[in-house]
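The working numbering puts the first residue of the sequence shown at 2, with every later residue one more than the last. Ideal placement from N, C-alpha and C gives every residue a C-beta, glycine not left out.
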Amino acid sequence: MKKWQWLIYTFLFTLFTIGNISAALLSEGMSGAEVRMLQEQLVSCGYLARAVDGEYGATTVKAVQLFQEDHGLAVTGMVDDNTEESIYNATTNHRKGGGLLLAEGNQETLVNTYQQILKNHGFLDGEVDGVYGQDTVNAVYAFQRHQNLPVSGAIDEETSVALNAMDTSFDKVANKDTSRDYLWGVGDEGKDVKRIQEKLKKAGYLTGEADGIYGNDTFNAVQNLQADSGIPVTGMITETTLSKLNHPAKTNKNSSVIKEGISNNKVVKLQNLLLLHGFNPGIVDGSFGKGTKEAVLEMQKQYALPVTGIVDDNVWSHLETPPVFNGIYKKEMIMDATAYTPYDGGGSGYTYSGNKAGKGHAAVDPKVIPIGSILFVEGYGYCIADDIGGTVIGNHIDICVDTVDQAYQWGVRTVKVYLVR
């Protein structure tokens with residue numbers, strides 16, 4: 002081979018090698034800071050549901066594939082130069098259907114939960130085994146078509162909401178006792194009652210344990226649901242009540258006066274708003290007790306309102322305005338901040354410390370911020386650090402918000418976090 006031929010060959014080989022190296026910067030099986038940055042950007046543009054763990058697994062692969070498909074790129078599930086540039090330059094912050102939670106290849110308890118729902122409603126022909134395989138993909142395809150959702154075969158946020166809404170199967174469709182005009186009531190026991198209690202807890206109406214026994218706590222919770230839904234208040238589960246429980250209406254529950262002794266979801270909202278403004282009601286449990294009253298009294302004094310301990314429209318109005326930092330703190334930190342909702346990824350709706358989740362709570366790394374600390378987060382407000390998360394490590398804080406839209410609006414940002422106490 003002549004020298005000039007050898008030089009050309011070497012040059013072309015080098016170009017080919019470089020091209021291959023840059024063709025797939027990130028791919029399945031990789032992990033680390035670069036993968037985490039990719040996932041955070043996928044969260045920001047709406048393709049991943051805030052599950053940032055630095056592991057390039059099945060859900061990340063599917064999120065990349067959907068992004069590539071939507072943006073006219075080669076659909077490989079791998080991040081090459083073109084995909085990387087497109088992801089980091091994406092202007093949208095929302096994917097129709099929401100970010101992905103689960104996709105083919107996942108194996109976990111939540112897969113089992115969704116498989117059971119799909120099985121109960123005739124969409125899944127295969128086994129309920131916790132493995133997101135082809136049978137589950139096909140079942141999700143069918144479910145999404147049936148619900149007029151974006152069809153991907155992966156469980157995104159809208160699909161998750163729709164599946165949870167369909168999780169309404171009870172063994173007793175109608176009570177055989179014709180002497181009463183309701184399905185379940187005081188004195189009834191069993192797994193159907195427990196499922197009702199779990200739904201009441203998820204909707205914020207029940208603060209006690211879901212023990213399968215229809216007692217006074219359940220009776221009161223059902224009454225509150227019925228009152229908020231504008232249906233007859235009986236405390237018993239009728240067909241109309243069951244329908245409201247399965248599909249709770251989005252209503253403004255902050256329009257009425259509440260005071261000490263009341264227990265319902267309005268109190269949960271109040272307690273979380275108090276936290277957001279720097280007033281600690283103690284445990285967030287939906288019960289308006291001594292701690293909540295003291296926090297309301299302190300808030301009324303600070304805002305020069307009538308000091309009554311009773312929450313009226315004037316109190317709600319002040320609590321719903323953006324919180325203001327009073328400038329008192331022990332330590333200032335620069336942190337990466339993401340946002341989550343109380344039921345993200347099939348969550349229980351409660352924080353690590355046992356409080357009802359919502360605005361005013363945050364997940365932190367206990368090695369960086371002690372659990373129970375009161376913080377002020379720039380652009381958010383005061384909160385209590387009472388939650389943890391597998392992906393919340395180091396200088397990372399995950400603030401709790403009430404809706405998916407709020408989580409998308411927050412995205413991923415770098416903020417100042419003040420340790421108040």
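Apply the 10 Å Cβ neighbour rule to residue i and answer buried if 16 or more other Cβ atoms are within range, or exposed otherwise.
i    : result
Y341 : buried
R37  : buried
T352 : buried
Q1   : Lying outside 2 to 422, the shown extent of the chain, residue 1 is not represented and no answer is given.
R96  : buried
G390 : buried
H362 : buried
V174 : Any reading at V174 needs caution, since the residue's pLDDT is 43, under 50, leaving its predicted position unreliable; the model's value is listed next. With fewer than 16 Cβ atoms within 10 Å of its Cβ, V174 is classed as exposed.
Y89  : exposed
V187 : exposed
K245 : buried
What residue range does the beta strand (DSSP E) around residue i cover?
i    : result
T415 : 414–420
A340 : 332–341
I385 : 382–388
A140 : Taken as a continuous stretch (DSSP letters only), A140 belongs to no beta strand (DSSP E), being part of the alpha helix (DSSP H) at 135–147.
A363 : 362–364
Please list the terminal residues of the continuous alpha helix (DSSP H) segment that includes residue i.
i    : result
L43  : 34–45
L271 : 266–277
K260 : Element bounds for K260: n/a, residue is neither H nor E.
Q66  : 59–71
Q108 : Run containing Q108: none; DSSP gives neither H nor E here.
L246 : 240–247
V405 : 405–411
I88  : 82–89
Helix, strand or coil for residue i per DSSP?
i    : result
F377 : strand
I400 : strand
S230 : helix
S288 : strand
L101 : strand
V424 : The structure shown has nothing for residue 424, since the chain only spans 2 to 422.
L125 : coil
D193 : helix
E210 : coil
Y351 : strand
I118 : helix
K368 : coil
D218 : helix
Could you compute how far the alpha carbon of residue i sits from the alpha carbon of residue j?
i    : j    : result
E158 : T235 : 34 Å
N21  : D403 : Because N21 sits at a pLDDT of 43, beneath the cut-off of 50, its placement in the model cannot be relied upon, and the following sentence gives the value as read from the coordinates. Their backbone Cα atoms lie some 45 Å apart in a straight line.
L276 : G292 : 12 Å
A64  : G373 : 35 Å
S32  : V413 : 19 Å
A228 : N221 : 11 Å
V405 : F377 : 22 Å
A408 : Y48  : 13 Å
V325 : Q410 : 20 Å
T309 : I375 : 25 Å
Cβ contact check for the segment 378–388 and the segment 290–303: 3 or more pairs under 8 Å
No, they do not touch.
Can at least three beta-carbon pairs, one atom from the segment 328–342 and one from the segment 404–422, be found at a separation below 8 Å?
With the cut-off at 8 Å, the segment 328–342 and the segment 404–422 touch.
Tell me, please, whether the segment 114–125 touches the segment 135–153 by the rule of three or more beta-carbon pairs shorter than 8 Å.
The segment 114–125 is in contact with the segment 135–153.
Below 8 Å, can you find three or more Cβ-Cβ pairs linking the segment 278–290 to the segment 204–215?
Verdict: yes, contact present.
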